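Q:
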Amino acid sequence: MTTPRVAIVTASYNHAPFIPERVQSILRQTVQDFEWVIIDDCSTDATFQELERGTRGDPRVTIIRNEQNLGMARTTQEAMARTSAPALLRAESDDSLAPDFLERTLYHLEHNPDLGVVFGKTRKLDAEGTAHGGWWQSAHSEYISSKSAVDKLIRRNFIGGPSALVRRAALGDVGGFNVGSIAVSLDWYLFLRLALKGWDFFYDPKAIAYHRSHLSNLSGRIGRQMDVELLVRESYNLVHSAILYADLDAATSERIWRAASRGATKNVVAPFFVRGVRNRRLDIAREAKQIALAYDGALSELEWWLFVCRAAVVTAITGLGRKTQRMIGRALPPH
Numbered sequence: 427m428t429t430p431r432v433a434i435v436t437a438s439y440n441h442a443p444f445i446p447e448r449v450q451s452i453l454r455q456t457v458q459d460f461e462w463v464i465i466d467d468c469s470t471d472a473t474f475q476e477l478e479r480g481t482r483g484d485p486r487v488t489i490i491r492n493e494q495n496l497g498m499a500r501t502t503q504e505a506m507a508r509t510s511a512p513a514l515l516r517a518e519s520d521d522s523l524a525p526d527f528l529e530r531t532l533y534h535l536e537h538n539p540d541l542g543v544v545f546g547k548t549r550k551l552d553a554e555g556t557a558h559g560g561w562w563q564s565a566h567s568e569y570i571s572s573k574s575a576v577d578k579l580i581r582r583n584f585i586g587g588p589s590a591l592v593r594r595a596a597l598g599d600v601g602g603f604n605v606g607s608i609a610v611s612l613d614w615y616l617f618l619r620l621a622l623k624g625w626d627f628f629y630d631p632k633a634i635a636y637h638r639s640h641l642s643n644l645s646g647r648i649g650r651q652m653d654v655e656l657l658v659r660e661s662y663n664l665v666h667s668a669i670l671y672a673d674l675d676a677a678t679s680e681r682i683w684r685a686a687s688r689g690a691t692k693n694v695v696a697p698f699f700v701r702g703v704r705n706r707r708l709d710i711a712r713e714a715k716q717i718a719l720a721y722d723g724a725l726s727e728l729e730w731w732l733f734v735c736r737a738a739v740v741t742a743i744t745g746l747g748r749k750t751q752r753m754i755g756r757a758l759p760p761h
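If you count by my numbering, then the sequence shown holds residues 427 to 761, one letter each, in order.
Right, here's the structure in full:
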């Protein structure tokens, strides 16, 4: 039996309404030489049944159901361990792909051995399926060296995770998909580790993925990740371990640590704050802010709120209305 060209892994949880579109976007790819491992993380809706119905009889697809909820990160790691293809795509169960996505990204990865990641344009879908803007809207292809990728990533995550095809050998070079129990910004940590280890990146604007943003998505994650202190500590610890793993000189390590820890605040903690507000968990929002300020002693109150405003725009389902603004105001710790 030959090894497929690409492995697709999906950790699903309570996405029944979106499963048919997700399944069809994979099964209708112009590249059909793939393996697809799906692990349902003990959904309480009809997600598992929809997955079985949509993929029934396809020998390329393996569906497993967890007996208890293990979380996005752990479930994804388990799914990856069950695959063997040289390229990996992490496909969330409520997202979608353009039909030629695999064809375009695989071409670049297979013809450029120095590439660790090929990514495309990620467009955002609202709950009704309408596409909006997204990450990295340039119309031109770009080869991004590992050094340039590090410089970009320590400031912000410029790569849409749903559009990222990763080389398995590169993943092994950084110790695998090891992101602890973090359930937000999983890809940012991985991309930073890959860039620090010297892997290059390539952007193809014609390889299009669609990422869905909706309340059940956000509330599900925030509801299952209640230990805010653990989340924030792991956020900074993962950045620190990535720098140590890269074996850099002391001056470079210090420079990257300062910038990347600020990146963790911007890319993980501030968005988590916004999600707490949107889901009316002001206790979670307050704690995220307090711990972020404690970890990053150079972070000013103004910088924090600038990060929050940016996160509100990036994660927004709709614009920040007056009600949401009032909720953010209430999330401020008492003076």
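C-beta atoms are modelled at their ideal positions from N, C-alpha and C, and glycine is treated no differently.
What you are looking at is a predicted structure, and each value in this text was computed from that prediction instead of being measured.
Quick one: any contact between the stretch 544-554 and the stretch 467-485, if contact means 3 or more CB pairs under 8 Å?
A: no
Q: How is residue 436 classed by DSSP in three states: helix, strand or coil?
A: The residue labelled residue 436 in the question sits at position 10 within the sequence shown. Looking at residue 436 - three-state DSSP - the assignment turns out to be strand.
Q: What's the gap between the Cα of residue 430 and the Cα of residue 462?
A: As a position in the sequence shown, residue 430 is number 4, starting the count at 1. As a position in the sequence shown, residue 462 is number 36, starting the count at 1. Whole-angstrom Cα-Cα distance: 10 Å.
Q: Assuming the contact rule is C-beta atoms closer than 8 Å, residue 452 and residue 532 should be a hit. Round their C-beta distance to whole Å, please.
A: Taking the first residue of the sequence shown as 1, we reach residue 452 at position 26. Taking the first residue of the sequence shown as 1, we reach residue 532 at position 106. A Cβ-Cβ separation of about 14 Å leaves residue 452 out of contact with residue 532 under the 8 Å criterion.
Q: In chain order, which alpha helix (DSSP H) runs of at least 4 residues are fully inside the stretch 561-615?
A: 572-579, 594-599
Q: Can you round the beta-carbon distance between residue 541 and residue 593 to whole angstroms, since I take them to be within the 8 Å contact cut?
A: One-based indexing of the sequence shown puts residue 541 at position 115. One-based indexing of the sequence shown puts residue 593 at position 167. Correct: roughly 7 Å between the Cβ atoms.
Q: Would DSSP call residue 502 helix, strand or coil?
A: The residue labelled residue 502 in the question sits at position 76 within the sequence shown. Helix at residue 502.
Q: Can you give the Cα-Cα distance for residue 578 and residue 614, rounded to whole angstroms?
A: Sequence index remark: in the sequence shown, residue 578 carries index 152 (1-based). Sequence index remark: in the sequence shown, residue 614 carries index 188 (1-based). Using only the alpha carbons, I get a separation of about 11 Å.
Q: Under 8 Å, do residue 692 and residue 733 count as touching if we go by C-beta distance?
A: To locate residue 692, count along the sequence shown from 1; it is residue 266. To locate residue 733, count along the sequence shown from 1; it is residue 307. Going by C-beta atoms, residue 692 is nearer than 8 Å to residue 733.
Q: Count the other C-beta atoms from every protein chain shown that fall within 10 angstroms of the C-beta of residue 597, then say buried if there are 16 or more, exposed otherwise.
A: Taking the sequence shown and counting its residues from 1, the one referred to as residue 597 is at position 171. Buried, because 16 or more other Cβ atoms sit within 10 Å of the Cβ of residue 597.
Q: Only counting runs of 4 or more residues, tell me where the alpha helix (DSSP H) segments fall wholly within the stretch 660-738, in order along the chain.
A: The stretch 660-738 contains these whole alpha helix (DSSP H) runs: 676-690, 696-704, 708-721.
Q: Could you tell me whether the Cβ atoms of residue 515 and residue 637 are closer together than 8 Å?
A: Within the sequence shown, numbered from 1, the residue matching residue 515 stands at position 89. Within the sequence shown, numbered from 1, the residue matching residue 637 stands at position 211. Not closer than 8 Å, so no.
Q: Name, in chain order, the residues that DSSP records as bridge partners for residue 463.
A: Position 37 of the sequence shown holds residue 463. Its beta-bridge partners are 435, 488.
Q: With H, G and I counted as helix, E and B as strand and the rest as coil, what does DSSP make of residue 548?
A: One-based indexing of the sequence shown puts residue 548 at position 122. Three-state DSSP puts residue 548 in a strand.
Q: Cutting at 8 Å between CB atoms, please list the residues of its own chain near residue 481, excluding the five before and the five after it.
A: Taking the sequence shown and counting its residues from 1, one reaches residue 481 at position 55. The answer, listed in chain order, is 449, 453, 462, 464, 487, 489.
Q: Alpha carbon to alpha carbon, how far is residue 441 from residue 621?
A: Reading the sequence shown from its first residue, position 15 is the one you call residue 441. Reading the sequence shown from its first residue, position 195 is the one you call residue 621. If you take the alpha carbons of residue 441 and residue 621, they lie about 32 Å apart.
Q: Return the residue from the list 580, 503, 539 that minimises the CA-CA distance to residue 569.
A: The sequence position of residue 569 within the sequence shown is 143, counting from 1. Taking only the C-alpha atoms, the option nearest residue 569 is 539.
Q: Count the other CB atoms, across all protein chains shown, that sit within 10 Å of the CB of residue 492; report buried if there are 16 or more and exposed otherwise.
A: Your numbering for residue 492 matches position 66 in the sequence shown. Residue environment for residue 492: buried (at least 16 other C-beta atoms within 10 angstroms of its C-beta).
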